[in-house]
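Asker:
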Amino acid sequence: MELEKVFDVTVEEDHSYAPVITTLTDRQKRIIKIRKRIKYCLKIINYLLLIGVGLTFVYPFVWMFVMSVRSYDESILFSGGLWVNEWHWENYVEAWNRAQFSKYLGNSITYAALVLGLQYFFIVPAAYAFARMEFKGKGFLFQLKQLGMMLPGEATLIPVYFFYSKLGLVDTWTGLVLPSLFSMFGIYMFTNNFKTIPQDIIESALIDKAKNRQIMLRIMVPMIFPVFVTHFLLTFISNWNSYYWVLVMTNSEKLKTLPVAVKGLLKADGILPPWHLVMAGNIMQLAPILIMYILGNQQMKRAMIGGRKIKFAGGDKESLIKRGVKALVRKLNRTSKEVIFKER
Amino acid sequence: MRLKRKYLLIFLVSLSLFALVSCGGDDEEYEGNGEIYVDKKWDIYPTTHDFTKPVEINFWSANSAVDIHGSTMADMVEMFNEYQRKTYPDSYIKVNPSFQGGYIVQNTKLQAAIPAGTNPELAMVGVSSFSIYVDNVIDQRQIFTYDQIRDIYEGFLQFAMYRNKFVAYPYFAATNLLVVNRTMMEATGMHVPTPDEILADRENSIWTWDYAKQLWKAASKPEEGIYGLASGGPALYEAYYTQGVPIYNETATEQYINNEYGKRAFEYWRSLVVEGCMLNPVLDPNHGTKIQGAFSTGTVGMYFASSSSLKTIFENVYENQVASGNEPLFELDVLPHPRNPYFYSNQSGGGIIVFNNKSDVKIRAAVEFLRWLQAPEQSAYYSTRTGYLATTRSATQTKTWTDYAQINPLLDRAISLMVLTPVNGLKIPIGRAKALADDDFSKYIKGIYYDDCTRNIDEVLRECAERVAYILESNSW
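Chains A and B, in that order, give the protein sequences.
Numbering-wise, the first sequence is residues 72 to 415 according to this note's numbering.
Numbering-wise, the second sequence is residues 6 to 482 according to this note's numbering.
1) In chain B, which residues lie less than 9 Å from A:S322 when you measure between Cβ atoms?
2) Expressed to the nearest angstrom, what Euclidean distance is found between the alpha-carbon atoms of B:T180 and B:P239?
3) Please identify, using Cβ separations under 8 Å, the residues of the stretch 274-300 of chain B that lie next to chain A, in order along the chain.
4) Nearest to B:L182 by CA position, among B:V172, B:G281, B:A235, B:F135, is which residue?
5) Based on DSSP bridge pairs, tell me the residues matched to B:W221.
6) Classify A:L215 as buried or exposed, calling it buried when 16 or more other Cβ atoms lie within 10 Å of its own Cβ.
7) What do you reckon, are the CB atoms on B:F300 and B:V184 nearer than 8 Å?
8) Round the Cβ separation of A:T262 and A:A198 to the nearest angstrom and send it over; I've been treating them as touching at under 8 Å.
9) Distance check for B:K218 and B:T403, CA to CA, integer angstroms please.
10) Whose CA, out of B:E229, B:L127, B:G249, B:A117, lies closest to the CA of B:S66?
11) Which residue from A:H347, A:W167, A:I290 puts its Cα closest to that of B:V71?
12) Out of curiosity, what's the CA-to-CA distance linking B:E61 and B:R369?
13) For chain B, check one thing: does any of its Cβ atoms lie closer than 8 Å to the Cβ of A:I229?
14) Considering only the beta carbon of each residue, do B:S311 and B:L422 sit closer than 8 Å?
15) Is it true that the CB of B:A118 sits closer than 8 Å to the CB of B:I358?
16) Determine which residues share a DSSP beta bridge with B:K99 and list them.
17) Any idea if B:N291 is buried or exposed, counting beta-carbon neighbours within 10 angstroms, 16 or more meaning buried?
18) Take B:R344 and list the residues in its own chain whose beta-carbon comes closer than 7 Å to its own, dropping the five residues that flank it on each side.
19) Counting Cβ pairs, one atom from each stretch, are 3 or more of them under 8 Å apart for the stretch 251-259 of chain A and the stretch 216-224 of chain A?
20) Are the CB atoms of B:T302 and B:G436 nearer to each other than 8 Å?
21) Within 8 Å of any Cβ in chain A, is that where the Cβ of B:I231 sits?
22) Pull the bridge partners of B:R344 from the DSSP assignment, please.
23) Go through its chain and collect everything with a Cβ distance to A:W158's Cβ below 8 Å, but skip five positions before and after it.
24) In chain A, which residues lie less than 7 Å from B:D443 when you measure between Cβ atoms?
25) If I measure Cβ to Cβ from B:Y455 and keep anything under 8 Å in the same chain, skipping five residues before and after, which residues do I get?
26) Could one say the Cβ of A:Q171 lies closer than 8 Å to chain B's Cβ atoms, at least one of them?
27) Measuring only the C-alpha atoms, how far is A:G125 from A:F193?
28) Around the Cβ of A:N162, are there at least 16 other Cβ atoms within 10 angstroms (buried) or fewer (exposed)?
29) By the three-class DSSP mapping on this structure, what secondary structure does B:G510 have?
30) Measure from the C-beta of A:D279 to each C-beta in chain B and report whether the shortest distance is under 8 Å.
31) Within the 8 Å Cβ cut-off, does B:T317 reach chain A?
32) From which residue to which residue does the beta strand (DSSP E) around B:G131 run?
33) What are the boundary residues of the alpha helix (DSSP H) that includes B:G233?
34) Considering Cα atoms alone, identify which of A:S313, A:W160, A:L148 is closest to A:E225.
35) So the alpha helix (DSSP H) B:A79 belongs to, where does it begin and stop?
36) According to the Cβ coordinates, are B:Q145 and B:F171 closer than 8 Å?
Here it is as structure tokens:
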């Protein structure tokens, strides 16, 4: 029987490593070969599965795009195929005009900007307080907010509308953005991430007489930047697509947003919807989200599933501390300079 | 510990309160919904414009501002406002329209707005929701004269009556009918009746369940994907009322589904698929959407649809083709559901309600606006622009209507079918649970098509009856 020499590593008693020559039988070689082949096949299957799953995610978007450039006659057949006989780019212009995009686009931008611009003034301090401060009723308040998150928005819509209409908040920007300013999702997300920041950093900052505001803004927020970006993107997507809330809380057209207008393209009472225009409208409404996702998807991935470059939440503790201390030193330097300047 | 006990106590008290509230019911029992011409002494709001200063009122439409229904209503409101400003510069009425984008959203808002007192003066409400607002609206017989009410088609009046109250003015009306590709159906060599022919001699009309099936079969070539008929599912109301029996009692609290009439209807609708007259509607989740396209492209001979789609279909098959210098795709027509032995056209839609929790001045302003909308010229204008059926006879006499009928005769023909109301003294049921029951019935009845049309009919019938009975029982109060 032909033998083959291979290298292996064994541990000697004196704890020094030395190569040991072992021999493999034909059977063992065959097993290794089969194992390799199985691994190779599994890899192929894995890729095929990934491609399949990927296609199921991509297909609806591609189909939506294909429908958006079809003629009316072609679109009403509602074919699931991706072939286009005649390309009708003018559908986009017609959808823009019919859904009065120029009017509603401004409202969508205003709505998203108001929420994104104002909510961090409320949710970051609230999250900091829940994560790092001790006060009476903290647990109860947190549970209460969690309960609010568990209830579907539709379930509380009637009482919410009742109070809003009593307070004169219906059909106003204030009423529209108010609940988003205290988003439990945001508070929860930031609280959990604030909690993962090592206590050493906070304590060293406290020793140096840093105030809560300084710790929160100068140390903690920069340390969870990917989470911040992720939350920013998620909030943008959710507000940009917000349909039911906007529809309920507005009466006049001066505040209604794009999803409401695009839905209007479907028409009411069973009339044949102009699918080509509906899809063109959807693509136009989706475009900003896609752009933002492309720009921010790396940060989102990092925050969602972690990554080598992330230096928080169970990551490299030493570097976290270093970064925290550096931020603190920078801040204290600046403060001492300011003090000197003021004294002069 | 004390805190927990406190919360538990509050929770228990709240539960008890809910239980007490739910025990309290409506003391009044209603056998039916009443008769519009005898239950009410006519005493109406003044017909004069009696205001000392401008009045502003709100009108909620369930449509979207960007669809044809909403934009037409917005135009009409603007016309009214303009007319008021010119006619009464110091005491005009200004209507603020608001487009809610759907009945469900609007109902949700109104449920909260009514107790808060922030509801509008008028709202467009779907027929299935009339019963919800019966206590919050003024009887329309305080707004319109006897003659004006007599002018409304009987079927539309019936769906606007609930618990002896004329709840809503029927303004957004539609009927279910068969849209016909006459070119394709006549190519079978069989006679295809016209609405006029049917209405001239209803009792002896050849347009029966059996004849229609023969015609659909003759037009079908299943191997080529061509079918005589397309439908999203069986026609619920027509299946029973054409046999002279109802599905529910008048207030929609009891069902009459599981009987020999139901069995006959179920067997008939299943045989249409088994014998290749129509495509099985449960095979494709997008069936309802696809058949609309299939009809427009000429692979379906008849299509069971709402009259509100007539305008769009006509534009697609005829108007747009002619405008681009082509021949119309085919000749279009409408027909009622075939008789067995009676004809019946299910009439439904939405109406306008006037809320009773506003000041007298605001209610009078709302009344004036509604009367303006109801006037024949305005009614015809709205109908011809949107595809809803005109609900009054006088609207169909206007120049706007007759001119439009010259171009598109389909709406006019659909309106001629409005005389096909229930027979044997039956009335269209109206009740709180009707819409929900209809929804579930239309889902459960499709059981006749599952398992390749092999399920036991009696079993499906029983399932439908049990489900509908449960819905009616749990949602009627």
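Here a beta-carbon is modelled for each residue, glycine too, at the ideal position from N, C-alpha and C.
Treat the numbers as computed from the prediction; the structure is a model and nothing was measured.
Answerer: Answer, in terms of the structure:
1) On the first sequence, residue 322 of chain A is found 251 positions in, with the first residue counted as 1. The sequence shown places Asn at residue 322 of chain A, rather than the Ser named in the question. Ordered by position in chain B, the residues that pass the 9 Å Cβ test against A:N322 are N63, W65, N101, S103, F104, Q105, K114, P125.
2) Along the second sequence, read from residue 1 onward, the residue named residue 180 of chain B stands at position 175. Along the second sequence, read from residue 1 onward, the residue named residue 239 of chain B stands at position 234. One C-alpha to the other measures close to 15 Å.
3) Contacts with chain A (Cβ-Cβ distance below 8 Å) from the stretch 274-300 of chain B involve N291, T294, K295, Q297, G298, A299, listed in chain order.
4) Position 177 of the second sequence, counting from 1, holds the residue named residue 182 of chain B. Closest by alpha carbon: B:A235.
5) Numbered from 1 along the second sequence, position 216 holds the residue referred to as residue 221 of chain B. According to DSSP, which records beta bridges pairwise, B:W221 is partnered with nothing at all.
6) Translated into the one-based positions of the first sequence, residue 215 of chain A becomes position 144. Classification of A:L215: exposed, given that the 10 Å Cβ count is below 16.
7) As a working note, residue 300 of chain B is residue 295 in the second sequence. As a working note, residue 184 of chain B is residue 179 in the second sequence. It is a contact, given that the beta carbons lie within the stated cut-off.
8) In the first sequence, counting from the first residue as 1, residue 262 of chain A sits at position 191. In the first sequence, counting from the first residue as 1, residue 198 of chain A sits at position 127. That belief holds up - the Cβ atoms of A:T262 and A:A198 are roughly 4 Å apart, short of 8 Å.
9) Your numbering for residue 403 of chain B matches position 398 in the second sequence. Your numbering for residue 218 of chain B matches position 213 in the second sequence. Looking at the two C-alpha atoms, the distance is approximately 38 Å.
10) Stepping through the second sequence from its first residue, residue 66 of chain B is reached at position 61. Checked all of B:E229, B:L127, B:G249, B:A117; the closest Cα to B:S66 is B:L127.
11) Taking the first residue of the second sequence as 1, we reach residue 71 of chain B at position 66. Among A:H347, A:W167, A:I290, the Cα nearest to that of B:V71 is on A:W167.
12) What you label residue 61 of chain B is simply residue 56 of the second sequence in a count that begins at 1. What you label residue 369 of chain B is simply residue 364 of the second sequence in a count that begins at 1. Going by C-alpha positions, B:E61 is about 11 Å away from B:R369.
13) Mapped onto the first sequence, residue 229 of chain A falls at position 158. Yes, A:I229 lies at the interface with chain B (some Cβ there is under 8 Å from its Cβ).
14) Here the question's residue 311 of chain B lines up with position 306 in the second sequence. Here the question's residue 422 of chain B lines up with position 417 in the second sequence. Not a contact, by the Cβ cut-off of 8 Å.
15) Here residue 358 of chain B is taken as the residue at index 353 of the second sequence, counted from 1. Here residue 118 of chain B is taken as the residue at index 113 of the second sequence, counted from 1. Contact: no.
16) Translated into the one-based positions of the second sequence, residue 99 of chain B becomes position 94. B:K99 is bridged to B:E61.
17) The residue given as residue 291 of chain B occupies position 286 in the second sequence. Result: exposed.
18) As a position in the second sequence, residue 344 of chain B is number 339, starting the count at 1. Hits under 7 Å: S210, W212, T213, T247.
19) Verdict: yes, contact present.
20) Here residue 302 of chain B refers to the residue found at position 297 of the second sequence. Here residue 436 of chain B refers to the residue found at position 431 of the second sequence. Contact flag unset, no.
21) Locating residue 231 of chain B in the second sequence gives position 226, counting from the first residue. No, its Cβ sits nowhere closer than 8 Å to a Cβ of chain A.
22) Indexing the second sequence from 1 puts residue 344 of chain B at position 339. B:T213, per the DSSP bridge assignment.
23) Taking the first sequence and counting its residues from 1, one reaches residue 158 of chain A at position 87. The answer, listed in chain order, is V140.
24) Locating residue 443 of chain B in the second sequence gives position 438, counting from the first residue. The premise fails here: B:D443 is roughly 14 Å from chain A at the closest Cβ pair, so nothing lies under 7 Å.
25) Sequence index remark: in the second sequence, residue 455 of chain B carries index 450 (1-based). These residues qualify, in order along the chain: V287.
26) Here residue 171 of chain A refers to the residue found at position 100 of the first sequence. Answer yes: the Cβ-Cβ gap between A:Q171 and chain B drops below 8 Å somewhere.
27) The sequence position of residue 125 of chain A within the first sequence is 54, counting from 1. The sequence position of residue 193 of chain A within the first sequence is 122, counting from 1. Looking at the two C-alpha atoms, the distance is approximately 38 Å.
28) Along the first sequence, read from residue 1 onward, the residue named residue 162 of chain A stands at position 91. With 16 or more other Cβ atoms within 10 Å, it is buried.
29) There is no way to answer for residue 510 of chain B, as the model of chain B reaches only from 6 to 482.
30) Counting from 1 along the first sequence, the entry for residue 279 of chain A is found at position 208. Chain B, which has no Cβ nearer than 8 Å to the Cβ of A:D279, makes this no.
31) If you number the second sequence from 1, residue 317 of chain B lands on position 312. So, interface residue.
32) The count along the second sequence starts at 1 and reaches residue 131 of chain B at position 126. From DSSP, the beta strand (DSSP E) with B:G131 extends over 127-131.
33) As a working note, residue 233 of chain B is residue 228 in the second sequence. Element bounds for B:G233: not the alpha helix (DSSP H) but the beta strand (DSSP E), 232-235.
34) Taking the first sequence and counting its residues from 1, one reaches residue 225 of chain A at position 154. Out of A:S313, A:W160, A:L148, A:S313 has the C-alpha closest to the C-alpha of A:E225.
35) Locating residue 79 of chain B in the second sequence gives position 74, counting from the first residue. Annotation: the continuous alpha helix (DSSP H) that includes B:A79 extends over 73-92.
36) For this step, residue 145 of chain B is matched to residue 140 along the second sequence. For this step, residue 171 of chain B is matched to residue 166 along the second sequence. In this structure, B:Q145 lies near B:F171, with their beta-carbon atoms less than 8 Å apart.
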